[in-house]
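Trainee: Can you keep this structure in mind? I'll have questions shortly.
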Amino acid sequence: MYKVLIVEDNLEIAKPLIALLNNCGFETEHCMRGNSVLGAFQDFAPDLILLDLVLPVVDGLEVCQQIRRVSDLPIIIISAEASPIIRLKCFELGANDFVEKPFGIAKLITLIETNLKQRKTKRCANIKIDAISENLPKSITSYH
Numbered sequence: 001m002y003k004v005l006i007v008e009d010n011l012e013i014a015k016p017l018i019a020l021l022n023n024c025g026f027e028t029e030h031c032m033r034g035n036s037v038l039g040a041f042q043d044f045a046p047d048l049i050l051l052d053l054v055l056p057v058v059d060g061l062e063v064c065q066q067i068r069r070v071s072d073l074p075i076i077i078i079s080a081e082a083s084p085i086i087r088l089k090c091f092e093l094g095a096n097d098f099v100e101k102p103f104g105i106a107k108l109i110t111l112i113e114t115n116l117k118q119r120k121t122k123r124c125a126n127i128k129i130d131a132i133s134e135n136l137p138k139s140i141t142s143y144h
């Protein structure tokens, strides 16, 4: 079961989103404040983060940057602030996707599943490459 950390301060959005993801088979954890995300990230160990930008104490851009310093897990921004400049800033800070509020449920689920598949594929590729390279002579695997 994949784990999704939902970072959303608006309970009218968070509660149905949590219910939806739980019904789709995801385990969820919820944070309402930006300053609680790193602790929840460490304790919950999510596979993906859904991140609002407008949060109390620490905003979503700063949270995205903090997470990127320690992990490459997928981050999907969910925000009503969707200007091209904001979107670009999110991607520059390491977000994988951006969904504008209000959003379609099917689109969001598809983005979640796609990002999780891509991460799994990357992990498998790295494992296979590492395993193969361990058995090859050093002269073949080193860079000159």
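If you read the sequence shown in full-length UniProt numbering, its first letter stands for residue 1, the second for the next number, and so on. By construction, the Cβ of each residue, glycine as well, lies at the ideal position given by its N, Cα and C atoms.
(1) What is the DSSP secondary structure of arginine 93, counted as helix, strand or coil?
(2) Alpha carbon to alpha carbon, what distance is there between alanine 14 and valine 70?
(3) Return no unless some Cβ of chain B is closer than 8 angstroms to the Cβ of threonine 110.
(4) Do you know whose CA, among Val7, Lys89, Ile112 and Ala82, lies nearest arginine 33's CA?
(5) Got a sec, what are the start and stop residues for the alpha helix (DSSP H) leucine 17 sits in?
(6) Measure how close the beta-carbons of phenylalanine 103 and arginine 87 come, nearest whole angstrom, since I'm counting them as under 8 angstroms.
(7) Just list the residues that DSSP pairs threonine 114 with in beta bridges.
(8) In angstroms, rounded to a whole number, what distance separates the CA positions of proline 84 and glycine 94?
(9) How about aspartate 47 and tyrosine 2: do their beta carbons lie closer than 8 angstroms?
(10) Helix, strand or coil: how does DSSP classify proline 48 here?
(11) Taking C-alpha atoms, which residue in Glu113, Gln65, Val37 and Phe26 lies nearest to glutamate 92?
(12) Just to confirm, are cysteine 24 and isoleucine 109 a CB contact at a threshold of 8 angstroms?
Mentor: Let me lay it out:
(1) Residue identity check: residue 93 is leucine in the sequence provided, not arginine. Look at leucine 93 here: in three-state DSSP terms it is coil, with no helix or strand label.
(2) In this structure, the straight-line span from the alpha carbon of valine 70 to that of alanine 14 is close to 25 angstroms.
(3) In the structure shown, chain B does not exist; there is a single protein chain.
(4) It is Val7.
(5) Leucine 17: member of the alpha helix (DSSP H) spanning 11-23, first to last residue.
(6) In this structure phenylalanine 103 is not in contact with arginine 87, their Cβ atoms being roughly 14 angstroms apart against a cut-off of 8 angstroms.
(7) For threonine 114, which the question treats as bridged, DSSP gives no partner whatsoever.
(8) Distance from the CA of proline 84 to the CA of glycine 94, rounded to the nearest whole angstrom, comes to 16 angstroms.
(9) Yes, these two residues count as a Cβ contact at 8 angstroms.
(10) Looking at the sequence itself, residue 48 is leucine, so the reference to proline does not match. Strand at leucine 48.
(11) Out of Glu113, Gln65, Val37 and Phe26, Gln65 has the C-alpha closest to the C-alpha of glutamate 92.
(12) In contact: cysteine 24 and isoleucine 109 (Cβ atoms closer than 8 angstroms).
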